[in-house]
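Chains as they are written, first to last, in this note's numbering: chain F, 2 to 205; chain H, 2 to 205.
Protein chains: 2
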Amino acid sequence: MSQQKSTNVVWHSATITREKRQELNDHRSAVLWFTGLSGSGKSTLAHAVEDELYKRQGRTFVLDGDNVRHGLCGDLGFSLEDRKENIRRVGEVAKLFTEAGVIVLTAFISPLREDRERVRNILPHGDFIEIYCAASLEVCEGRDVKGLYKKARAGQIPEFTGITSPYEEPVNPELVVNTGGDPLEVSLAHVMRLLEEREIIKAV
Amino acid sequence: MSQQKSTNVVWHSATITREKRQELNDHRSAVLWFTGLSGSGKSTLAHAVEDELYKRQGRTFVLDGDNVRHGLCGDLGFSLEDRKENIRRVGEVAKLFTEAGVIVLTAFISPLREDRERVRNILPHGDFIEIYCAASLEVCEGRDVKGLYKKARAGQIPEFTGITSPYEEPVNPELVVNTGGDPLEVSLAHVMRLLEEREIIKAV
Chain F
2 MSQQKSTNVV
12 WHSATITREK
22 RQELNDHRSA
32 VLWFTGLSGS
42 GKSTLAHAVE
52 DELYKRQGRT
62 FVLDGDNVRH
72 GLCGDLGFSL
82 EDRKENIRRV
92 GEVAKLFTEA
102 GVIVLTAFIS
112 PLREDRERVR
122 NILPHGDFIE
132 IYCAASLEVC
142 EGRDVKGLYK
152 KARAGQIPEF
162 TGITSPYEEP
172 VNPELVVNTG
182 GDPLEVSLAH
192 VMRLLEEREI
202 IKAV
Chain H
2 MSQQKSTNVV
12 WHSATITREK
22 RQELNDHRSA
32 VLWFTGLSGS
42 GKSTLAHAVE
52 DELYKRQGRT
62 FVLDGDNVRH
72 GLCGDLGFSL
82 EDRKENIRRV
92 GEVAKLFTEA
102 GVIVLTAFIS
112 PLREDRERVR
122 NILPHGDFIE
132 IYCAASLEVC
142 EGRDVKGLYK
152 KARAGQIPEF
162 TGITSPYEEP
172 VNPELVVNTG
182 GDPLEVSLAH
192 VMRLLEEREI
202 IKAV
């Protein structure tokens, strides 16, 4: 009986849209794409922004080497081709997160303009917020938190951005933050203001 | 002055954990892995569950061929190797979504036990909820919503699950739903009860 009934019923499987999720979250979703040299402070700033957004009940997620390189991109190395594919996949995953209503923050060196532009172009207009973490090679190398510059100078890392591999500065990024000089609080405030101005989050 | 100060300050970049996100969402995250033949109703059921969870303000996302095959896995075909890699990537993305506090629902045929077990094993214990959408080949072929069985029988699709390629039934799935016979409402109720029993969502 109930089976018979079922065949006559068209189940209205309303897909939960991005708009509905944004409504539930009370903020827009977007991709905050942090780019810059190793040691420029991308990850630190991304996590500081996430902290601040959490306080406002924002739904966020940080994608970085830590959670991508061992999993989704565990099959990729550091050749030019593999780094391209790494950024491509991160872009696609970031896109899925925006569809899920989440503000996704990515922290990858992503040294090539072409790769970043490809991510921008798979996203709806306005979703890709490129944030250039500007810090000179001298500052980054001086910090050398992970000891990578030392290794690169010693020739132990074949293609290292800034030393043996190019970093292409963004041409028209949505925001430049002076992470090489300003205190974190200042960069954080710049990002938060941008998010308010672009109406991704509501002003407090 | 403020720069000087900043160098003496250790910024406490508290990473927003999965636990904190789950607290904010007021539900646990998990992967609901729907598996079954083409036409068995995986996608329909996944979207119905998502609908119901949205009503309870749940944070969800459906991963299926529609949003994965053209993007993240756009470089993959349908060879055995590529299908394995497709499922691997979906599993890794699902994992990221659980870390983001989201209940992710996946709707892929995922015919091989080995591939599904691999996903189960990359996730923390209890996160992988395998839901077998049981529908006989006859029922699925009778529906043939997308006309794929007809094409497969005509030899136009080389490796088609159930026709020219095996489907391995789950051995110990968390749930079997009779999507080949029961009305959608019944399968939906079974899934919702499971989610309550496993304390992924609160009972209403």
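Yeah, the Cβ is synthetic: ideal placement off N, Cα and C, and Gly gets one too. No experiment lies behind these values; they were computed from the predicted model shown.
Margin query: Whole angstroms are fine: how far does the CA of Pro125 of chain H sit from the CA of Glu100 of chain H?
Written below: 10 Å
Next item on the list: Can you pull the chain F residues whose beta carbon is under 8 Å from the beta carbon of Phe62 of chain H, in chain order?
Entry: Leu97, Glu100, Ala101
Check: Is Cys141 of chain H helix, strand or coil by DSSP?
Finding: helix
Checklist line | chain H residues whose Cβ lies nearer than 8 Å to that of Lys21 of chain F | finding: Tyr55
Notebook entry, point to check: Using a Cβ-Cβ distance under 8 Å, would Glu115 of chain F count as near chain H?
Noted result: no
Next item on the list: Check whether the Cβ of Gly72 of chain H lies closer than 8 Å to any Cβ atom in chain F.
Entry: yes
Notebook entry, point to check: Should Gly209 of chain F be labelled buried (16 or more other beta-carbon atoms within 10 Å of its own) or exposed?
Noted result: Nothing about residue 209 of chain F can be read from this structure; chain F reaches only from 2 to 205.
Margin query: Can you tell me where the beta strand (DSSP E) holding Leu176 of chain H begins and where it ends?
Written below: 176 to 178
Margin query: How far does the alpha helix (DSSP H) with Ala95 of chain F in it extend, from its first residue to its last?
Written below: 81 to 100
Notebook entry, point to check: Which same chain residues, not among the five before or five after Arg89 of chain F, have their C-beta less than 7 Å away from its C-beta?
Noted result: Arg119
Notebook entry, point to check: Can you name the start and end residues of the alpha helix (DSSP H) that Val192 of chain H belongs to?
Noted result: 185 to 198
Next item on the list: Please decide whether Ser7 of chain H counts as near chain F, where near means a Cβ-Cβ distance under 8 Å.
Entry: Annotation note: pLDDT 38 at Ser7 of chain H (below 50); position unreliable, coordinate value reported separately. Yes, Ser7 of chain H lies at the interface with chain F (some Cβ there is under 8 Å from its Cβ).
Notebook entry, point to check: Helix, strand or coil for Leu77 of chain H per DSSP?
Noted result: coil
Check: Residues in its own chain within less than 6 Å of Ser41 of chain F by CB, not counting five upstream and five downstream?
Finding: Cys134, Ala136, Cys141, Thr180
Next item on the list: Report yes if the C-beta of Val103 of chain F is less than 7 Å from at least one heavy atom of the ligand MN; otherwise report no.
Entry: You won't find the ligand MN in this model; it holds no ligand whatsoever.
Item checked: According to DSSP, residues forming a beta bridge with Val205 of chain H -> Answer is none; Val205 of chain H lacks a bridge partner.
Next item on the list: In angstroms with no decimal places, state the Cα-to-Cα distance between Leu97 of chain H and Ile202 of chain H.
Entry: 19 Å
Next item on the list: Could you spell out where the alpha helix (DSSP H) holding Thr45 of chain F opens and where it closes?
Entry: 43 to 56
Notebook entry, point to check: From the beta carbon of Asn122 of chain H, is the nearest beta carbon of chain F less than 8 Å away?
Noted result: no
Check: Pairing CB atoms from the region 81 to 95 of chain H with CB atoms from the region 67 to 81 of chain F, are three or more of them under 8 Å?
Finding: yes
Check: Among F:Ile132, F:Glu115, F:Ser80, which one has its Cα closest to the Cα of Val105 of chain F?
Finding: F:Ile132
Checklist line | Per-residue burial, Val146 of chain H [other beta carbons within 10 Å of its own, 16 or more giving buried] | finding: exposed
Item checked: Contact with chain F by Asp145 of chain H, beta-carbon distance below 8 Å -> no
Check: Looking at the C-beta of Glu93 of chain F, does it have a partner C-beta in chain H at a distance below 8 Å?
Finding: yes
Check: So, using beta-carbon positions, are Gly127 of chain F and Gln23 of chain F closer together than 8 Å?
Finding: no
Notebook entry, point to check: Apart from the five residues on each side of it in sequence, which residues of its chain come closer than 6 Å, Cβ to Cβ, to Phe79 of chain F?
Noted result: none
Next item on the list: Identify which residue in H:Ala31, H:Arg84, H:Leu77, H:Asn87 has its Cα closest to the Cα of Phe62 of chain H.
Entry: H:Ala31
Checklist line | Buried versus exposed, by CB contacts within 10 Å (16 or more), Leu81 of chain F | finding: exposed
Check: If you drop the 5 nearest sequence neighbours on each side, which residues of the same chain put their C-beta closer than 7 Å to that of Glu86 of chain H?
Finding: Leu77
Check: Tell me which same chain residues have a C-beta within less than 7 Å of the C-beta of Glu169 of chain F, skipping the five on either side of it?
Finding: Pro112, Leu113, Arg114
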